[in-house]
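In the UniProt record's numbering, the protein residues as written are 1 to 144. Heads up, the beta-carbon is just placed ideally off N, CA and C, and yes, glycines get one too. Inspection log for the structure reproduced underneath, given as structure tokens.
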Amino acid sequence: MKTVAEILRAKSHTQIFSVSPTTTVLEAALLMAEKDIGALVVMEAGELVGIVTERDFVRRVAALERSAYATGIEEVMTSNLFVVAPRDSNQYCMQLMTEKNLRHLPVLDNGKLVGLLSIRDLVRDITAEQESLIQHLEQYIRGA
Numbered sequence: 001m002k003t004v005a006e007i008l009r010a011k012s013h014t015q016i017f018s019v020s021p022t023t024t025v026l027e028a029a030l031l032m033a034e035k036d037i038g039a040l041v042v043m044e045a046g047e048l049v050g051i052v053t054e055r056d057f058v059r060r061v062a063a064l065e066r067s068a069y070a071t072g073i074e075e076v077m078t079s080n081l082f083v084v085a086p087r088d089s090n091q092y093c094m095q096l097m098t099e100k101n102l103r104h105l106p107v108l109d110n111g112k113l114v115g116l117l118s119i120r121d122l123v124r125d126i127t128a129e130q131e132s133l134i135q136h137l138e139q140y141i142r143g144a
């Protein structure tokens with residue numbers, strides 16, 4: 001089983017994009033479209049205070065019946081975060097994401113944000129692990 005640190009090292013895109021709580025929903029949505037990403041971390045004074053996703057935009061902005069021009073991220077972000085550490089396993093992350101219906105997990109190391117793990121990252125990693133295991137078992141069966 002791989003750790004979160006190993007998965008993050010293997011990612012092709014490691015840059016973390018962030019916004020502040022006062023950023024408008026429109027500004028955040030434009031940034032996400034420009035960078036082709038599905039989530040942004042929300043930072044204030046260098047500290048992680050939330051996460052905002054495409055789902056948040058659709059569900060919360062519509063529910064507030066507000067304009068994306070006038071709504072701040074702080075009104076739609078998720079601030080009750082589930083986070084993982086670099087030493088946590090891919091299996092633990094998958095279980096957490098499945099149970100809590102999450103698609104992104106901030107990775108904190110001693111309270112500092114060091115990465116953002118997506119469900120796509122985990123699926124790729126677990127699929128690669130399973131393919132490798134299958135290959136080894138096939139070689140074992142053939143006596144190679």
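Of the residues V25, V42, A10, the one placed nearest I16, counting alpha carbons only: To locate residue 16, count along the sequence shown from 1; it is residue 16. Among V25, V42, A10, the Cα nearest to that of I16 belongs to V42.
Is it buried or exposed for A62, if we count other Cβ within 10 angstroms and need 16 for buried? Walking along the sequence shown from the start, residue 62 turns up at place 62. Burial call: exposed.
From the DSSP output, which residues share a beta bridge with G38? What you label residue 38 is simply residue 38 of the sequence shown in a count that begins at 1. Bridge partners of G38: none, in fact.
Using a Cβ distance threshold of 8 Å, determine whether the region 49-56 contacts the region 75-88, with at least three qualifying pairs required. yes
Which residues in the same chain have their Cβ closer than 8 Å to the Cβ of L108, if we skip the five residues on either side of it in sequence? Taking the first residue of the sequence shown as 1, we reach residue 108 at position 108. For L108, where only same-chain residues beyond five positions count, the Cβ hits under 8 Å are L48, V83, V84, A85, V114.
Which one or two residues does DSSP pair with M43 in a beta bridge? As a working note, residue 43 is residue 43 in the sequence shown. Answer is L48, bridged to M43.
Count Cβ pairs between the region 86-97 and the region 21-35 that sit closer than 8 Å; are there 3 or more? no
Once the 5 residues before and after K35 are set aside, which same chain residues still bring their CB inside 6 Å of it? As a first step, residue 35 is located in the sequence shown; it is residue number 35 there, counting from the start. Answer for K35: F17, listed in chain order.
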